Amino acid sequence: MKKTIVLALASVFAATLAFAGNPNDNGELRPRVHKMAHKDAARAAPGGSGQLVDHGGQVLTNAKVVFIFWGWASSAATSDAYVNNLIAFRDSQYGMITHIGMLSQYRSTGSTGFKGTQPDVFISTPPSASRVTDAQVQQRVASSCAALSGGCKTDTIYEVFIPQNYYSDDGTGATSCGGTNLQYCAYHGNGDGANLSSSIKYSIQPYPSCSSCAGLSGWTNYQNQEHFVVHETREAMTDAQLSAWWDRAGYEADDKCAWGTNLAFLFAESKPDGRTYAYQQEYSNSARACVK
Numbered sequence: 123m124k125k126t127i128v129l130a131l132a133s134v135f136a137a138t139l140a141f142a143g144n145p146n147d148n149g150e151l152r153p154r155v156h157k158m159a160h161k162d163a164a165r166a167a168p169g170g171s172g173q174l175v176d177h178g179g180q181v182l183t184n185a186k187v188v189f190i191f192w193g194w195a196s197s198a199a200t201s202d203a204y205v206n207n208l209i210a211f212r213d214s215q216y217g218m219i220t221h222i223g224m225l226s227q228y229r230s231t232g233s234t235g236f237k238g239t240q241p242d243v244f245i246s247t248p249p250s251a252s253r254v255t256d257a258q259v260q261q262r263v264a265s266s267c268a269a270l271s272g273g274c275k276t277d278t279i280y281e282v283f284i285p286q287n288y289y290s291d292d293g294t295g296a297t298s299c300g301g302t303n304l305q306y307c308a309y310h311g312n313g314d315g316a317n318l319s320s321s322i323k324y325s326i327q328p329y330p331s332c333s334s335c336a337g338l339s340g341w342t343n344y345q346n347q348e349h350f351v352v353h354e355t356r357e358a359m360t361d362a363q364l365s366a367w368w369d370r371a372g373y374e375a376d377d378k379c380a381w382g383t384n385l386a387f388l389f390a391e392s393k394p395d396g397r398t399y400a401y402q403q404e405y406s407n408s409a410r411a412c413v414k
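The numbers in the working numbering rise by one with no breaks, and the one at position 227 of the sequence shown is 349.
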């Protein structure tokens with residue numbers, strides 16, 4: 123009997139190591155990446171899983187964001203409306219940064235400006251196949267940030283964009299728009315230690331090519347992507363290594379307000395720079411509700 127118990131415990135321990143996750147409030151392990159479910163999948167109601175709980179992990183108090191455009195030439199920064207508008211969304215004083223004030227309650231999470239000293243990366247050669255795996259994304263981040271001044275930085279989120287007709291596969295069989303098993307629109311995480319250092323944060327931002335990842339009526343492809351960018355960026359700030367802020371069901375702050383009934387949590391704002399940016403609300407512990 124003792125031998126059986128020892129073998130059983132050893133099997134559990136081995137499985138735990140293989141999973142390499144972080145425990146949630148129920149003692150269950152969390153994966154290394156966290157996915158944004160599409161609008162037709164089950165999603166959290168605001169407050170439905172309680173308040174966000176601080177598990178003590180890393181948050182980003184002055185986050186920077188570097189975009190990696192995999193499949194675009196550098197000229198796209200000015201000539202391609204999709205790319206140009208995404209860069210403006212990050213860089214403009216009227217863009218993404220206007221809706222991060224609520225993050226300060228989560229252990230001073232924030233940013234003085236998402237554009238840091240490192241430039242965006244443009245790789246004119248697209249991925250080798252339409253299916254882009256998580257390992258490939260990590261490898262792309264590792265090679266790209268290593269070539270930048272200062273190397274791969276721990277205060278920076280490296281966000282990888284792939285073109286239309288390509289899709290993300292997270293390694294479990296789940297895919298983004300364009301794949302055979304649509305489960306998510308985008309995700310963030312940190313390196314697995316083999317393909318990318320575990321201290322480096324990244325996201326995959328697949329092209330929003332399907333209705334299940336579309337926002338409000340009339341939104342453009344780049345506005346749908348702005349929604350994903352603000353979602354993944356804020357979550358990578360408040361839960362940088364999936365060991366900081368989430369609720370008892372494992373939902374991060376933006377998950378709780380990702381879509382809403384009849385897309386009630388989505389909104390767009392016309393700004394003085396002449397652009398109309400797209401956002402979603404964010405869960406606030408202090409307000410016990412989704413806020414802008």
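Note that CB positions come from ideal geometry on N, CA and C, so glycine has one too. Since the model is a prediction, treat every value here as computed from it, not as a measurement.
Selection from the options that minimises the alpha carbon distance to residue i
i: glutamine 227; options: Gly396, Phe389, Ala375 and Trp381; result: Ala375
i: phenylalanine 389; options: Trp192, Asn303, Ala366 and Gly340; result: Gly340
i: histidine 349; options: Ala380, Val205, Ser331 and Ile279; result: Ala380
i: asparagine 343; options: Ile322, Ile284 and Cys267; result: Ile284
i: alanine 199; options: Val155, Lys157 and Phe244; result: Phe244
i: aspartate 256; options: Arg397, Gly193, Ile222 and Thr294; result: Thr294
i: serine 408; options: Pro168, Ala163 and Arg154; result: Pro168
i: proline 328; options: Val187, Arg154 and Val254; result: Val254
i: leucine 304; options: Gly311, Ser266, Tyr401 and Pro330; result: Pro330
i: aspartate 369; options: Ala362, Gln363 and Asp377; result: Asp377
Proximal residues to residue i (C-beta, below 7 Å), its chain only, five neighbours per side dropped
i: serine 333; result: none
i: threonine 231; result: Val181, Leu182, Thr183, Leu225, Met359 and Thr360
i: leucine 129; result: Confidence is the limiting factor: at leucine 129 the pLDDT is only 39, short of 50, which leaves the residue's position unreliable and the question unanswerable from this model.
Whether residue i touches residue j by CB criterion (8 Å)
i: alanine 185; j: serine 233; result: yes
i: glutamine 260; j: asparagine 317; result: yes
i: alanine 336; j: histidine 177; result: no
i: aspartate 292; j: valine 413; result: no
Buried versus exposed, by CB contacts within 10 Å (16 or more), residue i
i: threonine 302; result: exposed
i: proline 145; result: Because the pLDDT at proline 145 is just 43, under 50, the model does not fix this residue reliably, and the value given afterwards should be weighed accordingly. The residue in question, proline 145, is exposed, as its Cβ has fewer than 16 Cβ neighbours within 10 Å.
i: isoleucine 127; result: In this prediction, isoleucine 127 has a pLDDT of 39, which is less than 50 and means its spatial position is unreliable; what the coordinates show is noted afterwards. Flag for isoleucine 127 reads exposed.
i: arginine 410; result: exposed
i: glutamine 403; result: buried
i: serine 201; result: exposed
i: glutamine 215; result: exposed
i: glycine 223; result: exposed
Presumed contact (8 Å Cβ cut-off) between residue i and residue j, rounded CB distance
i: lysine 237; j: arginine 262; result: With a Cβ gap of about 21 Å, lysine 237 and arginine 262 do not count as contacting.
i: serine 271; j: alanine 195; result: Actually they are not in contact, since the Cβ atoms of serine 271 and alanine 195 sit about 21 Å apart, beyond 8 Å.
i: histidine 353; j: methionine 218; result: The Cβ separation is near 10 Å, so there is no contact.
i: glutamate 281; j: isoleucine 209; result: Between isoleucine 209 and glutamate 281 the Cβ distance is about 11 Å, and since that is not below 8 Å, they are no contact.
Same chain only: Cβ atoms within 6 Å of residue i, ignoring 5 sequence neighbours per side
i: serine 319; result: Gly313
i: serine 321; result: Thr276
i: aspartate 395; result: Ser214 and Tyr216
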